Amino acid sequence: MRVGFFVTCLVDLMRPSIGFAALKLLEAGGADVYVPPGQTCCGQPAYNSGDRADTLALARKVVGEFEGCDYLVSPSGSCSGMIKTHYPELFADDPPMLARVQALATHTFELTDFLANVLKVERVPGQFAGTITYHDACAGLREMGVKQQPRALLAKVQGAQLLEMAECETCCGFGGTFSIKFGEISSRLADNKCQHVENSGADAVVLGDLGCMLNIEGRLRRRGNTKTKVLHVAEVLAGEG
Amino acid sequence: MQVASMHFKERAHVKLHDARLQHNLVRMKDKFVGKRRESLTELDDFEGTREAARAIRQRALDDLDVWLELFERNATERGARVLFAQTPAEINKLVLDIAARHGVRKIIKSKSMVSEESALDHAVEGAGIAVVETDLGEYILQINDYEPPSHIIGPALHKSMEEVAELFHQKHGTVKKVDIEELCLEARGVLREHYLTADMGISGGNFFVAETGSVVLVTNEGNATLTTTLPKVHIAISGIEKIVPTLEDVATLMRLLPRSATGQSISNYVDILTGPKGPGEFHGVEHMYFIVVDSGRTEVLASDVKEALRCIRCGACMNHCPVYQNIGGHSYGWVYPGPIGSILTPMYVGLENALDLPQASTLCNQCGVVCPVKIPLPDLLRKLREKEFSEDLRPWHERTAVRLWAWFARRPGLYGFASRIGVRLLRSLAGPDGMIHKLPLGAGWTSGRDMPAPAGRTFRELYARHKTQGDPPK
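Chains E and S supply the protein sequences, listed in that same order.
Per the numbering used here, the first sequence starts with residue 6, numbered consecutively.
Per the numbering used here, the second sequence starts with residue 33, numbered consecutively.
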C-alpha cells in the first residue's frame with residue numbers, strides 16, 4: 006500500500022515534528038509512505054482569497070505529484086478537505102482533468118480517519134500523562150467527517166484521559182487569511198475557544214489542524230496561559246508531544 | 033435603508049467592546065442554538081426533509097417566471113391585484129399610490145424585511161401618512177428613532193429587557209415595567225388602538241403560493257393577523273423569490289422554518305390569505321394587493337450565487353455563525369446580516385459597497401450545515417471573493433501577497449530555498465518563550481495573539497537529510 010504523504014505547507018514551515026509524528030504512525034500502521042519532494046501547498050489560501058488561476062495551477066501540481074499513489078494522507082482536515090471536496094468543483098468544466106482529480110479525491114484522507122478506518126490501527130506508541138480536550142477543527146469535522154476517529158485513537162494513548170470542553174465544534178476563529186484581515190474578530194473567537202479549553206481543566210488541547218493550533222496557542226499565551234499545551238493529534242498518538 | 037456595510041470593521045470593533053450587547057448576544061445564541069437542536073429531534077428524517085425543502089425551493093427558482101405568472105393569474109382571479117416593483121423606489125411609489133387611491137391616513141405594518149430595503153416607513157411618513165409597526169421588535173425599533181434591525185426574525189434581539197423597559201418608560205410616559213409580560217401588555221395596549229383606527233395594513237410574505245394566489249405569513253404575536261384583516265386595505269410585500277408552487281410545498285417547508293428559526297414545532301400563528309373578502313364573507317379586507325419585488329433578485333438568479341435565493345429567512349445561519357454571534361447584526365450595515373446577508377447585501381447594494389462582507393467569514397460552514405434549504409453559504413461567499421479578486425476590488429497588497437506566495441509555491445526549488453530562509457528569520461524574532469509577539473506585516477495577527485515561532489528548519493529539508501544521511505527525524 007503506497008501512501009502519498011502531503012505534509013501541508015504550514016507543517017513544513019512551522020512545525021515539522023507533526024510531519025514526522027504522522028510518518029511514524031503511518032509506517033507503524035504498515036503503510037509504505039512516499040513523500041513527494043517537490044510538494045508545497047494545496048492552494049487553499051489562493052482559493053479562499055478568490056484567486057482561481059493560482060488555485061488551479063497548484064491543484065494540478067498536487068494531482069500530478071500524488072496520482073501514482075494508492076492514497077493521499079495529510080495531517081490536516083483543512084488541506085485534505087480542499088483536495089477531496091473542492092478540487093472536483095474546480096475542474097467541473099474540464100472532464101479529462103476532472104476524472105484524474107476525482108480518482109485522487111476518492112483516495113484522499115485526513116490522517117486520523119486513515120489510521121482508524123483504513124489502516125485500522127489497534128495500538129499507538131504514544132503515552133501522555135494527563136488530561137486532554139479535543140477541538141474539532143471545522144474542515145475536518147464538516148468536510149471530512151472527522152469526529153470519532155481522533156477520539157477513538159486518543160483513547161488508545163496510555164495515560165491520556167479525554168475531557169470534552171463546551172462548544173468543541175465551534176470555530177476557533179482562524180479562517181486562514183481571515184485571521185489577519187479581521188484580526189480583532191478572529192482574536193475574539195480564539196479567546197472564546199481558549200476560555201472553553203481552560204474551563205475544561207485539561208492539561209492539553211489536542212486537534213488536527215496546525216492553523217487552528219497556532220491561533221489557539223497564540224491566544225492562550227497572550228492571555229497569560231503558559232501551562233496548557235497545544236498539541237497536534239499526531240504528536241500525541243506518536244508520543245512526540 | 034442606508035448602506036453602511038463599507039464600515040464593517042469599524043462597526044464590528046465598536047460592537048466587540050459593547051459589554052451590554054455582548055451579554056445579550058450570548059443569551060441569544062444559547063437560546064437559538066439549543067432550541068433548534070432540540071426541536072429537530074421531533075423530525076423522523078431531518079436530512080430527508082431538508083433535501084425535500086431544497087428541491088421545492090430550487091424547483092420554484094428554476095421556473096420562476098412560470099410560477100410568478102401562475103401566481104398572478106390565481107391571485108387576480110381571487111380578486112387581489114398583483115403589482116411588480118423593479119426597484120426599492122418603486123415599492124414606495126406603489127404603496128403611496130394605493131394609499132392615495134383609498135384615502136389612507138394611517139398604516140399599520142407587520143414585519144416586512146423587504147420594506148426595510150426601501151425604507152418604506154420614511155417614504156410613507158414623508159407623504160404625511162402615519163405608520164405604526166406592530167411586530168413587537170419592529171415597534172421597539174420604530175419608537176427608538178428607527179434604529180435598524182439586527183436580526184431578520186428578531187429585529188430587536190440586540191436589546192435586553194431592561195433596555196426595552198427604559199425605552200417604553202421614556203416614550204410612553206408610563207411607570208417603568210420590570211418583566212416581559214408587563215411590557216408586552218403595555219405594547220399591546222398602545223397597538224390595539226392603532227389596529228382599530230388604521231386604514232391600511234402592510235405585511236411581508238413568507239411565501240407566495242402559485243397554485244392558490246395566496247400569501248403565507250408565519251408569526252408569533254398575532255399582529256400580522258390583525259394587520260391583514262382589520263383595516264380595509266391589505267398590501268403584502270415580498271420578493272419574487274418567495275414563490276412556492278403549491279400549498280403542499282408550504283407544508284413541507286413549514287416543518288423546517290419554525291424549527292430552524294426559533295426551535296418551535298410550529299409558530300403561534302400561520303396565516304394563509306387569499307384575496308379580499310367575498311360577498312357574504314365576514315372576515316377579510318375589502319382590497320388586497322401584492323407587491324412582488326425584484327430589486328436585484330433577477331440579477332442574483334442569473335449569477336453564480338443564485339442558490340442564495342432559496343433562502344426562507346429562518347435566520348439559522350446567523351444564529352449559528354461564530355462571527356455574527358460575537359459582533360451582532362448591526363456590524364453588517366444593511367437589512368440582512370450574517371452569512372446570508374454577506375451574500376445578499378453585496379448583490380443588492382453593489383459589491384463595491386460591501387467589500388468586507390464576503391471576506392468576513394472563517395468559512396467554518398456551520399451555516400451551511402444548519403441551513404434548512406441547503407444553501408452552500410461558504411461556497412457562495414467564495415464566489416463573491418473570486419469576483420472581488422478578478423475585478424481588482426481587493427487592496428493591492430492583499431492581491432500581491434497571494435500572487436507572490438502562489439508564484440513561489442508553484443516553483444518547488446525556489447520555494448524550498450525561500451522558505452528555509454523565511455523560517456530562520458521568523459525564528460530569530462521569537463522571544464525566550466518561543467513566541468513572536470510582533471509580526472512584521474502581520475499586525476492583524478499579533479495585535480490580539482502571539483505567533484508560535486516556527487521550528488527554524490522546514491520539514492522538507494529535515495526529511496531530505498533524514499533520507500540521504502539517515503539523520504533521525506526531529
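Note that CB positions come from ideal geometry on N, CA and C, so glycine has one too.
These numbers come from a predicted model, not from an experiment.
Asked	Found
Spell out whether any CB of chain E is found under 7 Å from the CB atom of residue 149 of chain S.	no
Drop a sphere of 10 angstroms on the beta-carbon of residue 76 of chain S, count the other beta-carbons inside from all chains shown, and report buried for 16 or more, exposed for fewer.	exposed
Contact defined as beta carbons within less than 8 Å: I believe residue 30 of chain E pairs with residue 239 of chain E. What is the distance between those atoms, to the nearest angstrom?	6 Å
If you measure between the beta carbons of residue 126 of chain S and residue 323 of chain S, is that distance less than 7 Å?	yes
Taking 7 Å as the cut-off, decide whether the C-beta atoms of residue 257 of chain S and residue 235 of chain S are in contact.	no
If the cut-off is 8 Å on Cβ atoms, which residues from the stretch 59-89 of chain S count as contacting chain E, listed in chain order?	none
Quick check on residue 435 of chain S: does DSSP put it in helix, strand or coil?	helix
Is the CB of residue 51 of chain S under 7 Å away from at least one CB in chain E?	no
Quick one: using the 10 Å Cβ neighbour count with 16 as the cut-off for buried, is residue 300 of chain S buried or exposed?	exposed
Are there 16 or more other CB atoms within 10 angstroms of the CB of residue 293 of chain S, so buried, or fewer, so exposed?	buried
Answer yes or no: do residue 74 of chain E and residue 13 of chain E have a C-beta to C-beta separation smaller than 7 Å?	no
Please state whether the Cβ-Cβ distance between residue 390 of chain S and residue 426 of chain S is less than 7 Å.	no
Looking at the secondary structure, which residues open and close the beta strand (DSSP E) in which residue 139 of chain E lies?	132-139
Would residue 545 of chain S be called buried (16 or more neighbouring beta carbons within 10 Å of its own) or exposed?	Since the first residue shown for chain S is 33 and the last is 506, residue 545 of chain S is missing from the structure and cannot be characterised.
Would you tell me roughly how many angstroms separate the C-alpha atoms of residue 79 of chain E and residue 129 of chain E, rounded to the nearest one?	18 Å
Flag residue 353 of chain S as yes if its beta-carbon sits less than 7 Å from any beta-carbon of chain E, otherwise no.	no
Buried or exposed: residue 423 of chain S, going by 16 or more other Cβ atoms within 10 Å of its Cβ?	exposed
Would you mind telling me which residues of chain S sit closer than 8 Å to residue 75 of chain E, beta carbon to beta carbon, in chain order?	Simply none; closest approach about 20 Å.
Please decide whether residue 48 of chain S counts as near chain E, where near means a Cβ-Cβ distance under 7 Å.	yes
Pick helix, strand or coil for residue 101 of chain E, following the three-state DSSP scheme.	helix
Can you tell me the Cβ-Cβ gap for residue 56 of chain S and residue 190 of chain S, rounded? I've got them flagged as a contact below 8 Å.	6 Å
Within the continuous alpha helix (DSSP H) that includes residue 154 of chain S, where are the two ends?	152-158
Using Cβ-Cβ distances below 8 Å, what residues of the stretch 109-137 of chain E are close to chain S?	none
Counting contacts by CB-CB distance shorter than 7 Å, is residue 103 of chain S in contact with chain E?	no
Using CA coordinates, which residue listed in S:239, S:244, S:276 is at the minimum distance from residue 251 of chain S?	S:239
At least one CB of chain E closer than 7 Å to the CB of residue 42 of chain S: is that the case?	no
Round the Cβ separation of residue 111 of chain S and residue 400 of chain S to the nearest angstrom and send it over; I've been treating them as touching at under 8 Å.	Between residue 400 of chain S and residue 111 of chain S the Cβ distance is about 42 Å, and since that is not below 8 Å, they are no contact.
Does DSSP put residue 414 of chain S in a helix, in a strand, or in coil?	helix
First and last residue of the beta strand (DSSP E) that includes residue 164 of chain E?	163-167
Name the chain S residues whose beta carbon is nearer than 9 Å to that of residue 239 of chain E?	Within chain S, no residue comes near residue 239 of chain E; the closest Cβ sits about 12 Å away, beyond 9 Å.
By the criterion of Cβ-Cβ separation under 9 Å, what are the contact partners of residue 467 of chain S in chain E?	222, 223, 226, 227
What first and last residue would you give for the alpha helix (DSSP H) that runs through residue 520 of chain S?	Outside the shown range of chain S, which is 33 to 506, sits residue 520 of chain S, and nothing can be said about it.
With a Cβ-Cβ cutoff of 7 Å, do residue 394 of chain S and residue 183 of chain E count as a contact?	yes
Tell me, please, whether the stretch 207-220 of chain E touches the stretch 140-150 of chain E by the rule of three or more beta-carbon pairs shorter than 8 Å.	yes
Rounding to the nearest angstrom, what Cα-Cα distance links residue 448 of chain S and residue 493 of chain S in this structure?	8 Å
To the nearest angstrom, how far is the alpha carbon of residue 153 of chain E from that of residue 33 of chain E?	21 Å
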